[in-house]
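Residue numbers (my numbering): 1 to 154.
See below:
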């Protein structure tokens, strides 16, 4: 059994999860949202729990497909995101791409591999729209990338 956490910063559910028989937790984690590193991941490691990192591509922002100023179709959930926040996140993504993603590595694959390199993360739950993305996502598990900004590089 697993517990899907309501938030990324409060470890109450994580600390109590094993009391209800949970062996894993599901939490939002990606290069843009690292909140679980502070409290949640230490708790999961202490309890020997699995972690399913959801939204590892930050709703597609870490796919490398979008630039600041990008707009989304009305039926796309991202169209309801605050445009200033979206632009700020996409500027962060550009900086990450420039300074952390090795040349020749697909940004989406890198983002998945980045999540998987954290000791607490057991697996990632990326979305995919076609068989090629499924294959690319699976291959990300074999990428050897750890930048100086990765939690394990400290």
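Ideal Cβ positions, reconstructed from N, Cα and C, are used throughout, including at glycine.
Residue i bridges to which residues according to DSSP?
i	result
residue 4	26
residue 77	None; residue 77 has no bridge partner.
Ordered along the chain, which non-local residues of its own chain (more than five positions away) have a Cβ less than 6 angstroms from that of residue i?
i	result
residue 86	none
Note down, in chain order, each residue of its chain lying with its Cβ closer than 8 angstroms to the Cβ of residue i, except the 5 sequence neighbours on either side.
i	result
residue 135	none
residue 155	No answer is possible for residue 155: it lies beyond the span of the chain, which begins at 1 and ends at 154.
residue 154	Its pLDDT being 48, under 50, residue 154 is placed unreliably in this model, and the value from its coordinates should be taken loosely. Contacts found: none.
residue 23	1, 2, 49 and 50
For the candidate residues the options, whose alpha-carbon lies nearest to that of residue i?
i	options	result
residue 144	102, 8 and 133	102
residue 67	46, 81 and 89	89
What residues in its chain sit with their C-beta under 7 angstroms from that of residue i, if we drop five residues either side in the sequence?
i	result
residue 115	29, 30, 53, 56, 121 and 124
residue 111	30, 31, 56, 57 and 62
Please give the ranges of any beta strand (DSSP E) in the region 118-143, keeping only runs that are unbroken, at least 3 residues long and fully inside the region.
Within the region 118-143, complete beta strand (DSSP E) segments of at least 3 residues are found at 123-125, given in chain order.
Give a yes or no on contact between the region 34-42 and the region 60-72, applying the rule of three or more CB pairs nearer than 8 angstroms.
No contact exists between the region 34-42 and the region 60-72.
Only counting runs of 3 or more residues, tell me where the beta strand (DSSP E) segments fall wholly within the region 30-69, in order along the chain.
Correct list: 50-54.
Whether or not the region 62-73 and the region 102-112 are in contact is what I'm after, with contact meaning three or more pairs of Cβ atoms, one per stretch, closer than 8 angstroms; do they touch?
By the Cβ criterion, the region 102-112 is in contact with the region 62-73, since at least three pairs of Cβ atoms, one from each stretch, lie closer than 8 angstroms.
Touching by the beta-carbon criterion (3+ pairs, under 8 angstroms), the region 68-77 and the region 10-19:
Taking 8 angstroms as the limit for Cβ pairs, the verdict is that the region 10-19 does not touch the region 68-77.
Could you say if the region 125-133 and the region 83-102 meet the contact criterion of at least three C-beta pairs nearer than 8 angstroms?
Note that the region 125-133 does not touch the region 83-102; fewer than 3 beta-carbon pairs, one per stretch, sit closer than 8 angstroms.
Taking contact to mean at least 3 C-beta pairs separated by less than 8 angstroms, is the region 115-127 in contact with the region 89-105?
Between the region 115-127 and the region 89-105, the count of Cβ pairs shorter than 8 angstroms is below three; the stretches do not touch.
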